[in-house]
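Asks:
There are 2 protein chains.
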Amino acid sequence: MVIQMGFENSTIKEIIGKYRRIWAINHAESVLGWDMEVNMPKEGILERSVAQGELSVLSQEFMLKPEFVNLVEKVKDENLNEYERGIVRVLSREIRILKAFPPEFVREMSEVTSKSTKAWEEARNHDDFSKFEPWLDKIINLSRRAADYLGYENEPYDALLDLFEEGTTTKDVENMFSVLEKNLKPILDKILNDGKVPSAHPLEGESYRREEMEKVNHWILEKFGFPLGMRSRIDVSPHPFTTQFGIKDVRITTRYEGSDFRRTVLSTVHEFGHALYELQQNEEFMFTPIAGGVSLGVHESQSRFWENIIGRSMEFIHLIYPVLKENLSFMNKYSPEDVYLYFNMVRPDLIRTEADMVTYNFHIMLRFKLERIMLNEDIKAKELPELWTEGMEELLGVRPKTYNEGILQDIHWAHGTIGYFPTYSIGTLLSAQIAYHLKSDIRNFDSLVGRGEFKPIKEWLREKIHRYGSIYPPKELIKMSLGEEFNPEYFIKYVEKKYL
Amino acid sequence: MVIQMGFENSTIKEIIGKYRRIWAINHAESVLGWDMEVNMPKEGILERSVAQGELSVLSQEFMLKPEFVNLVEKVKDENLNEYERGIVRVLSREIRILKAFPPEFVREMSEVTSKSTKAWEEARNHDDFSKFEPWLDKIINLSRRAADYLGYENEPYDALLDLFEEGTTTKDVENMFSVLEKNLKPILDKILNDGKVPSAHPLEGESYRREEMEKVNHWILEKFGFPLGMRSRIDVSPHPFTTQFGIKDVRITTRYEGSDFRRTVLSTVHEFGHALYELQQNEEFMFTPIAGGVSLGVHESQSRFWENIIGRSMEFIHLIYPVLKENLSFMNKYSPEDVYLYFNMVRPDLIRTEADMVTYNFHIMLRFKLERIMLNEDIKAKELPELWTEGMEELLGVRPKTYNEGILQDIHWAHGTIGYFPTYSIGTLLSAQIAYHLKSDIRNFDSLVGRGEFKPIKEWLREKIHRYGSIYPPKELIKMSLGEEFNPEYFIKYVEKKYL
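Top to bottom, those sequences are chains A and B. Going by the numbering used here, the first sequence opens with residue 1, and the numbers climb by one from there. Going by the numbering used here, the second sequence opens with residue 501, and the numbers climb by one from there.
1) Determine the extent of the beta strand (DSSP E) in which T242/A is found, giving its start and end residues.
2) Output needed in chain order: residues of the region 220–249 of chain A with a Cβ under 9 Å from some Cβ in chain D.
3) Is S737/B closer than 8 Å to V750/B when the C-beta atoms are compared?
4) Where E514/B and L136/A are concerned, what is the direct C-alpha to C-alpha distance, given to the nearest angstrom?
5) With a threshold of 7 Å on Cβ separation, who are the neighbours of D941/B within its own chain once the five nearest residues in sequence on each side are excluded?
6) Grouping DSSP H, G and I as helix and E and B as strand, with all else coil, what is I851/B?
7) Closer than 8 Å is the cut-off here; do at least three beta carbon pairs connect the region 289–300 of chain A with the region 466–477 of chain A?
8) With a cut-off of 8 Å on the beta carbons, I'd call F921/B and F868/B a contact; round off their distance for me.
9) Compile a chain-ordered list of the residues in the region 63–94 of chain A whose CB is closer than 8 Å to at least one CB of chain B.
10) What distance in whole Å lies between the Cβ atoms of F486/A and I513/A, which are believed to be in contact at a cut-off of 8 Å?
11) Does K18/A come within less than 8 Å of chain B when only Cβ atoms are used?
12) I'd like to know whether the C-beta atoms of P885/B and F677/B end up nearer to each other than 8 Å.
13) Going residue by residue through the region 37–86 of chain A, where are the continuous alpha helix (DSSP H) segments of at least 4 residues, counting only ones entirely within it?
14) Alpha carbon to alpha carbon, how far is D662/B from T668/B?
15) State yes or no: is the C-beta of N308/A within less than 8 Å of the C-beta of S425/A?
16) Could you check whether the Cβ of F787/B sits closer than 8 Å to any Cβ belonging to chain A?
17) With DSSP run on the structure shown, which of helix, strand or coil describes L500/A?
18) Put S643/B into one of helix, strand or coil per three-state DSSP.
19) Beta-carbon of M40/A versus every beta-carbon of chain B: anything under 8 Å?
20) In whole angstroms, what separates the C-alpha of G22/A from that of P41/A?
21) Shorter than 8 Å from the beta carbon of L319/A to some beta carbon of chain B?
22) List, in chain order, every chain A residue whose beta-carbon is nearer than 7 Å to that of D535/B.
23) Which chain A residues are close to G544/B, counting only those with a beta carbon under 8 Å from its beta carbon?
24) Could you tell me the distance, in whole angstroms, from the CA atom of N554/B to the CA atom of P289/A?
25) Rounded to whole angstroms, what's the CA-CA distance from S329/A to P322/A? Just pull it up for me.
26) Which residues of chain A have a Cβ atom closer than 7 Å to the Cβ of A528/B, listed in chain order?
27) Express the C-alpha separation of L766/B and G811/B in angstroms, rounding to a whole number.
28) So, is M857/B buried or exposed, given that buried needs 16 or more other C-beta atoms within 10 angstroms?
29) Sorted by chain position, which residues of the same chain lie with C-beta nearer than 6 Å to M980/B's C-beta, five sequence neighbours on each side aside?
30) From the DSSP output, which residues share a beta bridge with D735/B?
31) Quick one: which chain A residues come within Cβ less than 7 Å of L558/B?
32) Going along chain A in order, which residues have a C-beta closer than 8 Å to the C-beta of E714/B?
33) Buried or exposed: which applies to P156/A, given that a residue is buried once 16 or more other Cβ atoms fall within 10 Å of its Cβ?
34) Is S259/A helix, strand or coil when you go by DSSP?
35) Using CA coordinates, which residue listed in L824/B, M730/B, E621/B and V550/B is at the minimum distance from D760/B?
36) So if DSSP puts L728/B in a beta bridge, which residue, or which two residues, is it bridged to?
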């Protein structure tokens, strides 16, 4: 397929011109958000949150200004190239979503979620679900109303899911999880019965000094070609994340907990995957709404590709082993094979963010089921902890003993984001599908990773996915780039081959 | 004087409500600016400068919206308390300044100054004034036009000066410098002839590791009660500065050059003085235009108070000497008296930012004379280097051998800021006047500093100056707080007593 280059249509040019101040406000919001996580002194929160609130209202106002909306409407009938159609699709979608919600609803949502986040923190501090329960009821109610405002074809959950993964339906997610339930469960059981894959490892208990692992992470990022200081940074935050202030300034964070060094390595590698997607955008898209990753699921496929396919591979372990040995004194006691086993442990456990590649998706499956019940059925928040416990027992055979190990572990619902979780699994599964196609094209993939030559791999990802930004909706992008639709079977095969 | 509390007038409340989004944009601009100096990867500049440009236009647009301007006009006739009159004064002034410049002029100014800054950098890289000369001609021309747009009573320089120091006239500055020329010159000559005050010291040549001086600076800031992590931060940048994102988040930077450790200590102490002014604002002013220091001169008086009056005092040296000794191995060779002499060297030299307390003002005097010539006389940029050299010879008896040591040393003119320099001297001189009054009220000032008990000093500054924010114009604030007008004689006496 040949993409016509650049923006030629004069209405599109006018739209891009007007969009520039919205872009600038979004840029500022991102910097404020990053600073809040990485630098901000504690009491700065009061003024920062007011500033963020004002900026977010402002950017919405500009987006909904009649002259802007009319331009976007008008240009739909004109003869547009691929880029230009991408601009129209992204803006129409954003405008549709913003217009769907009445201002009173937006205000209520924002008030409730900021209070419910505090209540969730309070609940966690006391491991007491009852403090969060009334707020979760409000969130459920608001989410149902949000779905009604947005509209849907089959069920309310469709409307919320689409907010995070454009074009994906509840049916799609249901299919994905039924494949997983049918095929992944037996694999997990086999892994656990075989006993060849460890469920614990002494390396978990070894402790390190932050400076030691900083050196390792910097070495890895340098090998990856991460443009530190030129177009990127790495900082520290309790929950690692990636943010972009444009194509030329993409920042990641990692965490240093002092032990279980695998966590800091894999966080860094994971976030690098997100960052690379943003760094390899087509520069022609700068300042436009089509610059940047197209959806949460596709974004997660990039981070999971680097984390799981590369970061947990034997070749990668061999590559970084000398650097680990140089910086971690305890490493003398362990071989690269030990590190490989440690990086690839499988252990059914309670906390999603600490889960391994095989059990991870069962955590998401549970959340998807509960979220769907919240939207479709007449359920109260107080019934959810019991459903959670039953679900964990059924899916992974473990039962949380505290609320913090169970229903209070994630912040998402407190933030009012229902419909987000499935994108984690979409990304995880998609990464295996991408890996299959990439390895078909790059036959010496393993030896490239072993030698630390990531250029051809990055180039493939750029060519197939990154450079398209948000021109095409996620499903179309996948079909175009991989020559087929999203298919969870690749992940099953990948796990089967890796572990059995 | 009793200040009526709070904001009661309903129009004022409406104004403050509308101002909140302007405040938010300013907040964002400050964060973006801070991040640019402290964190931003190099290539981020392209997108960052576009974002900053858009935000600055946006905040101006909101300030000049007819409904906002009309409210400010309307409320002038109403019965207002002190706070409310402060709001009106500050906003009317900002609106008047913004309205004075036609949009084409603003655009031209912004284009020329961004190009001239690049030309200045280029000129500095090659020590070649001719590369900057045509741009300086443009800046001179634009500054004359700016003065005409703003209007003035006596001479064009008045208009520009007022931008940086509200209410101060060229005549005021001329008087200040004539007092200095008449009284400070003989003192300087005497210091240099006496030979008791050193003009060089072996401590200048001693080198340190960054971590060592970081510990010292942190220790000092802790003694000062700087709320690190709660409401403030210290970071590193080549040119130290202070910025505030509100009352609860005030950040300073310092520099570590690896030798001449006095520079990093005094930079830190200087910036702390700026920061304290912002931290001790009345919290009722949060989100309003009267929160924050009232003028550059008054701000500089606060930083110079901490740098010169406290930071260069014998008591302060004794206070920090043990910490210096603990962290700097070379300190074994030196006594507190050595450190005192080193901190208080007097050496007529070429570079303003490295100048001591006595010679500093002569640097400003030269710039003031040249700037006034630029605005009032038919002069070309190419004549300025010669005038600079002559001026330095006459004032300090030194002649620059390169442009970088002379006319190319400051970035201010390249930025298009003419009329700014005098505020440095106003602040320096005012700090001595403030010190006189503070010491009259706090009789045990010296011993407090010696014991590291800064609370009463901070409290006095809060009571007398900080808590007023920008309610009163600078001259009125000084008269109210000190019981008299600004008077350069205090500085003369201070220097005389200190050095002779």
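Even glycine gets a Cβ: it sits at the ideal position worked out from N, Cα and C.
Replies: On the basis of the coordinates in this document:
1) Position 242 of the first sequence holds residue 242/A. Annotation for T242/A: the continuous beta strand (DSSP E) segment containing it runs T242 to Q244.
2) The chain inventory of the structure shown lacks chain D, comprising the protein chains A and B.
3) Within the second sequence, the letter at position 250 stands for residue 750/B. Within the second sequence, the letter at position 237 stands for residue 737/B. Contact flag unset, no.
4) To locate residue 514/B, count along the second sequence from 1; it is residue 14. To locate residue 136/A, count along the first sequence from 1; it is residue 136. Those two C-alpha atoms are separated by around 35 Å.
5) In the second sequence, the residue the question calls residue 941/B occupies position 441. Closer than 7 Å at Cβ, skipping near neighbours: W960.
6) As a working mapping, residue 851/B is identified with position 351 in the second sequence. If DSSP states are grouped into helix, strand and coil, I851/B belongs with coil.
7) As far as the Cβ criterion goes, the region 289–300 of chain A touches the region 466–477 of chain A, which means the pair count is three or higher.
8) Here the question's residue 921/B lines up with position 421 in the second sequence. Here the question's residue 868/B lines up with position 368 in the second sequence. With a beta-carbon spacing of about 6 Å, F921/B and F868/B fall inside the 8 Å limit used to define contacts.
9) Answer in chain order: no residues at all.
10) Nothing about residue 513/A can be read from this structure; chain A reaches only from 1 to 500.
11) Numbered from its first residue, the first sequence carries residue 18/A at position 18. Cβ-Cβ to chain B under 8 Å: no for K18/A.
12) By one-based count along the second sequence, residue 885/B stands at place 385. By one-based count along the second sequence, residue 677/B stands at place 177. Contact: no.
13) DSSP runs (the alpha helix (DSSP H)) wholly in the region 37–86 of chain A: 45–63 and 66–75.
14) Here the question's residue 662/B lines up with position 162 in the second sequence. Here the question's residue 668/B lines up with position 168 in the second sequence. Taking the straight line from one Cα to the other gives about 6 Å.
15) As a working mapping, residue 308/A is identified with position 308 in the first sequence. As a working mapping, residue 425/A is identified with position 425 in the first sequence. Not in contact: N308/A and S425/A (Cβ atoms no closer than 8 Å).
16) Numbered from 1 along the second sequence, position 287 holds the residue referred to as residue 787/B. With a threshold of 8 Å between beta carbons, F787/B makes contact with chain A.
17) As a first step, residue 500/A is located in the first sequence; it is residue number 500 there, counting from the start. It is coil, neither helix nor strand.
18) Here residue 643/B is taken as the residue at index 143 of the second sequence, counted from 1. Under the three-state reduction of DSSP output, S643/B falls in the helix class.
19) As a working note, residue 40/A is residue 40 in the first sequence. Interface residue, yes.
20) Within the first sequence, the letter at position 22 stands for residue 22/A. Within the first sequence, the letter at position 41 stands for residue 41/A. Per the sequence presented here, residue 22/A reads as Ile, with Gly not at that position. One C-alpha to the other measures close to 28 Å.
21) Here residue 319/A refers to the residue found at position 319 when the first sequence is read from its first residue. Not closer than 8 Å to any Cβ of chain B, the Cβ of L319/A fails to qualify, so no.
22) On the second sequence, position 35 is the one that residue 535/B refers to. From the beta-carbon of D535/B, the residues of chain A found nearer than 7 Å are V31 and D35.
23) What you label residue 544/B is simply residue 44 of the second sequence in a count that begins at 1. Ordered by position in chain A, the residues that pass the 8 Å Cβ test against G544/B are R231, F245, G246, K248 and D249.
24) Walking along the second sequence from the start, residue 554/B turns up at place 54. Walking along the first sequence from the start, residue 289/A turns up at place 289. Reading off the sequence, residue 554/B comes out as Glu, not Asn. Looking at the two C-alpha atoms, the distance is approximately 16 Å.
25) Position 329 of the first sequence holds residue 329/A. Position 322 of the first sequence holds residue 322/A. Going from the Cα of S329/A to the Cα of P322/A covers about 12 Å.
26) Against the second sequence, residue 528/B aligns to sequence position 28. Under the 7 Å cutoff, chain A gives A28, L32, A51 and L55.
27) Stepping through the second sequence from its first residue, residue 811/B is reached at position 311. Stepping through the second sequence from its first residue, residue 766/B is reached at position 266. Approximately 7 Å, taken between the alpha carbons.
28) Translated into the one-based positions of the second sequence, residue 857/B becomes position 357. Per the 10 Å Cβ criterion, buried.
29) For the purposes of this step, residue 980/B is identified with residue 480 of the second sequence, where counting begins at 1. Closer than 6 Å at Cβ, skipping near neighbours: no residue.
30) As a position in the second sequence, residue 735/B is number 235, starting the count at 1. For D735/B, DSSP records a beta bridge to T753/B.
31) Position 58 of the second sequence holds residue 558/B. The answer, in chain order, is R21.
32) Here residue 714/B corresponds to residue number 214 of the second sequence, with the count starting at 1. Here the premise fails: no neighbours, minimum Cβ distance about 15 Å.
33) The residue you call residue 156/A lines up with position 156 of the first sequence. Flag for P156/A reads buried.
34) To locate residue 259/A, count along the first sequence from 1; it is residue 259. For S259/A, the three-state secondary structure derived from DSSP is strand.
35) Locating residue 760/B in the second sequence gives position 260, where the first residue counts as 1. Taking D760/B as reference, the option from L824/B, M730/B, E621/B and V550/B with the minimal CA-CA separation is L824/B.
36) Numbered from its first residue, the second sequence carries residue 728/B at position 228. Beta-bridge pairing links L728/B to S732/B.
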